[in-house]
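>
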Amino acid sequence: LESDVCSSDLGPWRVGPDSGDRDRVDRVYHSDALYSAVCSAMSRLGALEEWLDATARANEPAVRFSSCFPFHHDTLYVVPPRHVWPPAASSKVRWKGARFVPLKAVETLLTGKTLSEDAWTIDGESECLMPSSAPTGSTLFRASVRPAAAVGRAGEGVVPHSVACVEFTAGSGLWFVAAFADDAAKTAWSDRLRGAIARLYAGKTPKDILVAHGAIGANALAYQALVGPSDHVVSVVPTRSEEHTSELQS
Numbered sequence: 061l062e063s064d065v066c067s068s069d070l071g072p073w074r075v076g077p078d079s080g081d082r083d084r085v086d087r088v089y090h091s092d093a094l095y096s097a098v099c100s101a102m103s104r105l106g107a108l109e110e111w112l113d114a115t116a117r118a119n120e121p122a123v124r125f126s127s128c129f130p131f132h133h134d135t136l137y138v139v140p141p142r143h144v145w146p147p148a149a150s151s152k153v154r155w156k157g158a159r160f161v162p163l164k165a166v167e168t169l170l171t172g173k174t175l176s177e178d179a180w181t182i183d184g185e186s187e188c189l190m191p192s193s194a195p196t197g198s199t200l201f202r203a204s205v206r207p208a209a210a211v212g213r214a215g216e217g218v219v220p221h222s223v224a225c226v227e228f229t230a231g232s233g234l235w236f237v238a239a240f241a242d243d244a245a246k247t248a249w250s251d252r253l254r255g256a257i258a259r260l261y262a263g264k265t266p267k268d269i270l271v272a273h274g275a276i277g278a279n280a281l282a283y284q285a286l287v288g289p290s291d292h293v294v295s296v297v298p299t300r301s302e303e304h305t306s307e308l309q310s
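Per this note's numbering, the sequence shown starts with residue 61, numbered consecutively.
(1) Can you confirm whether the region 119-130 touches the region 170-183 when touching is taken to mean that 3 or more C-beta pairs between the two stretches lie within less than 8 Å?
(2) Specify, as a first and last residue, the run of the alpha helix (DSSP H) that Leu108 falls within.
(3) For the alpha helix (DSSP H) containing Glu167, list its first residue and its last residue.
(4) Determine the direct distance from the alpha carbon of Ala93 to that of Arg87, and round the result to whole angstroms.
(5) Alpha carbon to alpha carbon, what distance is there between Pro289 and Leu112?
(6) Tell whether a beta-carbon distance below 8 Å holds between Pro121 and Ala230.
(7) Starting from the C-beta of Val161, find all residues in its chain whose C-beta is less than 6 Å away, skip the five residues before and the five after it, and write them out in chain order.
(8) For the alpha helix (DSSP H) containing Phe181, name the first residue and the last one.
(9) What number of angstroms, rounded off, separates the C-alpha of Thr247 from the C-alpha of Thr115?
(10) If you measure between the beta carbons of Glu177 and Lys156, is that distance less than 8 Å?
(11) Would you tell me roughly how many angstroms separate the C-alpha atoms of Thr199 and Trp235, rounded to the nearest one?
(12) For Arg104, which residues in the same chain have their Cβ closer than 7 Å to its Cβ, ignoring the five residues on either side in sequence?
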């Protein structure tokens, strides 16, 4: 049982690289870091020991997390599997330059089909594979370096330094998958996990966290909430065939 969780409206996001350098930033928030953050939130909710018994200390964890990857509106990105990426060399698209690829593109490759080099382009700033129809200058996020300073408690010394962070554009953010072992695990932890995730953001409550049955389910919920009878929906191409199905069912 899997649920996709998307987090948008993010401020500057700091993911430290393995080297520990302050002026560098990783673009993937790995699952172990996410689990650590959720443990911290569970501690504040008074459920840490029960959470650890159900996950880290259990032979079969009740909940598992994927790493966090970027998304833009309804397009989810992942790091593509090496056995299908990069595709055959192209004179128009330098496939190797894409670190993040839309799920629909990965699905296409896994079925043995090829990607049209005329349909895709690579955003050099975010290293994301994007539809060639995207407006010039479009990007999901950018890495920036912000100045800061460490100040002594007595004010006797100031040490300037810089910190790198990731800044997301409007409609972009991070998503991950929470996989529950079974129905009982989902019943026991779904609401509490929603509350723990809300704790990771300023001014958010569990009501702000929406759990859906995968990206298709999330799209269907969005269409049902926003689209009414006789409304017209404009969708970009290429996109997932299931997305058009959600639009029609709405």
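Ideal placement from N, C-alpha and C gives every residue a C-beta, glycine not left out. Please read these numbers as outputs of a predicted model, since none were measured by experiment.
Result, derived from the coordinates:
(1) Cβ pair count under 8 Å is below three, so no.
(2) Mapped onto the sequence shown, residue 108 falls at position 48. Per DSSP, Leu108 belongs to the alpha helix (DSSP H) from Leu108 to Ala114.
(3) Here the question's residue 167 lines up with position 107 in the sequence shown. Unbroken alpha helix (DSSP H) run through Glu167: Leu163 to Leu170.
(4) Taking the sequence shown and counting its residues from 1, one reaches residue 87 at position 27. Taking the sequence shown and counting its residues from 1, one reaches residue 93 at position 33. Roughly 13 Å separates the two Cα atoms.
(5) In the sequence shown, counting from the first residue as 1, residue 112 sits at position 52. In the sequence shown, counting from the first residue as 1, residue 289 sits at position 229. Straight-line Cα distance between these residues: approximately 47 Å.
(6) Residue mapping note: residue 121 aligns to position 61 of the sequence shown, counting from 1. Residue mapping note: residue 230 aligns to position 170 of the sequence shown, counting from 1. No; because the gap between Cβ atoms is not below 8 Å, this pair is not in contact.
(7) To locate residue 161, count along the sequence shown from 1; it is residue 101. Only Pro140 and Leu189 meet the Cβ criterion.
(8) Within the sequence shown, the letter at position 121 stands for residue 181. Here the sequence assigns Thr to residue 181, which means Phe is not the residue at that position. Thr181 -> not in any alpha helix (DSSP H); beta strand (DSSP E) instead, spanning Trp180 to Asp183.
(9) The residue labelled residue 247 in the question sits at position 187 within the sequence shown. The residue labelled residue 115 in the question sits at position 55 within the sequence shown. Cα to Cα, the separation comes out at about 15 Å.
(10) The count along the sequence shown starts at 1 and reaches residue 177 at position 117. The count along the sequence shown starts at 1 and reaches residue 156 at position 96. Their beta carbons are not under 8 Å apart, which means Glu177 does not touch Lys156 by this criterion.
(11) The residue labelled residue 199 in the question sits at position 139 within the sequence shown. The residue labelled residue 235 in the question sits at position 175 within the sequence shown. One C-alpha to the other measures close to 17 Å.
(12) For the purposes of this step, residue 104 is taken as the residue at position 44 of the sequence shown. Around Arg104: Arg259.
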